[in-house]
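A.B. asks: I have a structure I would like to understand better, so I am pasting it below and will then ask my questions one at a time.
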Amino acid sequence: MELCFWGTRGSIATPGPSTIRYGGNTSCVEVMTKSGQRFIFDAGTGARPLGAHLMAHAAKPIRATILLSHTHWDHIQGFPFFIPLFVPGNRFTVCGPHGSNSSLPDVLSGQMEYTYFPVELSQLGAEIKYRDLNEGSEEIDGIRITAHSLNHPARALGYRLEADGASLLYLCDHEPYWESLWHSEAEAGKVESILHEGDRRHAEFMQNADVVIHDAQYTPEEYPAKKNWGHSTWAYVTRIAAAANVKHLFLTHHDPTHDDAFLDGIEAQARELAAQLGSPLQVSCAREGFRATFENEPEDRAKVNEVVMVAEATKESLTVLIVDDDEDLRVLARKALTRAGYGVIEAEDGATGLAMLRTNHPDLLLLDINMPGLDGFEVLRLIRENAETADLPVIVLTAQGDEESAKRSFEQGATDFLAKPFSPPQLDARVRSGFTRARRQLLTR
Ligand SMILES: [Zn+2]
Ligand SMILES: [Zn+2]
């Protein structure tokens, strides 16, 4: 497969003399398989030069699958400027996660209303199909694509593409689930030593990949001030990719304030870290215009993880129980989840929560740890002991971001672990991925 970067910038396009080498266009990556299938990851402003290139050089009619990670501006702003969409006869399938409150075509047409743009989505000449994706894998044009939830304050999907004997992952935008990657008493550098289940799943998703293209917007020094904004540091990405035995890592979604000289520095530090870790990982900062080909001997198909695709859960029918003695938190969570379309019920202590589980049968539980009476750990233990609630997705909420609470929660069967404070879209994204995982476990059992 041939890879080409058309946009490597995060947040907002940053053209100018200081970003000439790494590029100023926002996220857009093209992958072309040997058999001629074209995949486009994200449609940031880099989609405009890609479109012009395809009009000039690609075989006609133009066909492609556009895989959107999510619908934040920097990942869709180039869509209305992608000229092949205006040409009758061209065919595109646009795939992405269902937006928070509306479907993919609704979100894309929203930015093309006359207030913002002179041409409406329905006036584009090409044939465009839309597909809402969820975690899981499927074949698109004979190529295996697997989608995986990322940690971002919006529903975002990462993609793994397997073709020509090689595997390539596109993982934007993503933030570490937990500040420290490793259990303090475990041997650092191994996937098994990862503290938070979310980070471990993230590492497993990229395991043994030939190419990983990953959000690395911040430096470790910048991160504390940008926590919960949904992005990674180059150090987290380098460590997790080395643990996952990745071959080539491209750091991307460069911060708009990082000029070429600064990115040279990040690349050098990331390479030094990989060397210190004794990893053969090859790290580069993604550069606009970079092209490379990756292929291996055809893989044994049996080795590819078979995961069934799960239909997006219909949110209207799902109920979330919040068990927390902090009324402010219950109000915040109720507002966020009600707006996202869930039914919400509440309990202010563990015993009431357990009683509501038996009578109301909620589909997911948000559980505080520190409560008077039964604490969250005790409630979680009782839930897992009971056959009826053993599979219930439980997201543990905590004011303490300590390792011991995280470790104990996962040992007792928590689905996810989220430290306060969190933003409403962050909570919505984590609740959605909790539901998805629970449904998939049921289907694959
Ligand atoms: Zn972004
Ligand atoms: Zn984003």
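For the sequence shown, position 304 matches number 385 in our numbering, and the numbering has no gaps at all.
C-beta: ideal position from N, C-alpha, C; glycine also.
At 3 residues or longer, what runs of the beta strand (DSSP E) sit wholly inside the region 339-379?
C.D. replies: The beta strand (DSSP E) runs lying completely inside the region 339-379 and spanning 3 residues or more are 363-366 and 372-374, given in chain order.
A.B. asks: In chain order, what are the residues with a CB under 7 Å from some non-hydrogen atom of ligand 1?
C.D. replies: GLY91, SER92, SER108, HIS153, ASP155, HIS156, CYS253, ASP254 and HIS334
A.B. asks: Tell me, please, which residues DSSP counts as bridged to LYS210.
C.D. replies: Residue mapping note: residue 210 aligns to position 129 of the sequence shown, counting from 1. Its beta-bridge partners are THR174.
A.B. asks: How long is the line joining the alpha carbons of ALA471 and GLY424, rounded to whole angstroms?
C.D. replies: By one-based count along the sequence shown, residue 471 stands at place 390. By one-based count along the sequence shown, residue 424 stands at place 343. About 21 Å.
A.B. asks: Does DSSP put ILE275 in a helix, in a strand, or in coil?
C.D. replies: Position 194 of the sequence shown, counting from 1, holds the residue named residue 275. Three-state result, ILE275: strand.
A.B. asks: So what does ILE147 bridge to, in DSSP terms?
C.D. replies: Walking along the sequence shown from the start, residue 147 turns up at place 66. ILE147 is bridged to ILE121 and VAL175.
A.B. asks: Is it the case that the region 331-340 contacts the region 87-94, given that we only count it when at least three CB pairs across the two stretches are under 8 Å?
C.D. replies: yes
A.B. asks: Does GLU243 pass the burial test, meaning 16 or more other C-beta atoms within 10 Å, or should it be called exposed?
C.D. replies: Reading the sequence shown from its first residue, position 162 is the one you call residue 243. Result: buried.
A.B. asks: For GLU387, collect the residues of the same chain with a Cβ closer than 8 Å to its Cβ; drop the 5 residues on either side in sequence, then sort them by chain order.
C.D. replies: Numbered from 1 along the sequence shown, position 306 holds the residue referred to as residue 387. At GLU387 the pLDDT is 40, less than 50, meaning the model places this residue with poor confidence; the figure from the coordinates comes in the next sentence. Hits under 8 Å: SER218.
A.B. asks: Using 8 Å as the threshold, is the C-beta distance between ALA324 and ALA284 below it?
C.D. replies: Indexing the sequence shown from 1 puts residue 324 at position 243. Indexing the sequence shown from 1 puts residue 284 at position 203. ALA284 sits close to ALA324, with the two beta carbons spaced by under 8 Å.
A.B. asks: Do ALA297 and ligand 2 come close, with the Cβ less than 7 Å from some heavy atom?
C.D. replies: The residue given as residue 297 occupies position 216 in the sequence shown. Answer for ALA297: no, Cβ out of range of ligand 2.
A.B. asks: Please look up how many angstroms separate the CB atoms of GLY515 and ILE476, rounded, as I've assumed it's under 8 Å.
C.D. replies: Along the sequence shown, one-based indexing puts residue 515 at 434. Along the sequence shown, one-based indexing puts residue 476 at 395. Confirmed, about 6 Å.
A.B. asks: Give the list of continuous beta strand (DSSP E) stretches no shorter than 3 residues that lie fully inside the region 184-233.
C.D. replies: 208-214, 217-221 and 224-230
A.B. asks: Taking the straight line between their C-alpha atoms, what separation do you get for LYS328 and GLU459?
C.D. replies: In the sequence shown, counting from the first residue as 1, residue 328 sits at position 247. In the sequence shown, counting from the first residue as 1, residue 459 sits at position 378. CA-to-CA, the gap between LYS328 and GLU459 works out to about 43 Å.
A.B. asks: From VAL404 to ALA480, what distance separates their C-alpha atoms?
C.D. replies: Counted from its first residue, the sequence shown places residue 404 at position 323. Counted from its first residue, the sequence shown places residue 480 at position 399. Roughly 14 Å between the two C-alpha positions.
A.B. asks: Who are the near neighbours of ALA510 in its chain, counting only those whose CB is closer than 8 Å to its CB and skipping five residues on each side?
C.D. replies: For this step, residue 510 is matched to residue 429 along the sequence shown. Around ALA510: SER230, ASN232, HIS233, PRO234, ALA235, ARG236 and ALA237.
A.B. asks: Does the Cβ of SER311 lie closer than 7 Å to at least one heavy atom of ligand 2?
C.D. replies: As a first step, residue 311 must be located in the sequence shown, where it is residue number 230. One detail in the question is off: residue 311 reads as Gly in this sequence, not Ser. Yes, the Cβ of GLY311 comes within 7 Å of a heavy atom of ligand 2.
A.B. asks: Excluding the 5 residues flanking PHE343 on each side, which residues of the same chain have their C-beta closer than 6 Å to its C-beta?
C.D. replies: Reading the sequence shown from its first residue, position 262 is the one you call residue 343. Within the same chain, PHE343 has no close Cβ partners at all.
A.B. asks: How about HIS138: is its Cβ closer than 7 Å to a heavy atom in ligand 2?
C.D. replies: Sequence index remark: in the sequence shown, residue 138 carries index 57 (1-based). Checking every heavy atom of ligand 2 against the Cβ of HIS138, none is found closer than 7 Å.
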